[in-house]
Amino acid sequence: MPKISEWGSISIFINTRGEHNPPHFHAMSAEWEASIRISDFGVMA
Numbered sequence: 015m016p017k018i019s020e021w022g023s024i025s026i027f028i029n030t031r032g033e034h035n036p037p038h039f040h041a042m043s044a045e046w047e048a049s050i051r052i053s054d055f056g057v058m059a
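Residues in the sequence shown are numbered consecutively from 15, following the numbering used here.
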């Protein structure tokens with residue numbers, strides 16, 4: 015997964031290959047990880 019952005023200790027990654035539904039991105043820091051829907055920015059996991 016390529017990193018598309020970084021804010022301080024938070025890195026944003028997105029999978030650009032194949033089906034990835036619902037469309038979302040991954041936000042990660044040293045302490046936590048979240049999957050966030052692009053349509054409404056709801057936390058999936």
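For each residue, glycine too, the CB sits at the ideal point set by N, CA and C.
- Secondary structure of ARG51 (DSSP, three-state): strand.
- Around the Cβ of HIS38, a 10 Å sphere holds 16 or more other Cβ atoms; the residue is buried.
- Residues ILE26, PHE27, ILE28, PHE39 of the same chain have their beta carbon placed closer than 8 Å to that of ILE18, with the five preceding and five following residues left out of the count.
- The distance from the Cβ of ILE52 to that of ALA41 is about 12 Å, inconsistent with a contact at the 8 Å cut-off.
- DSSP, read as helix, strand or coil, puts MET58 in coil.
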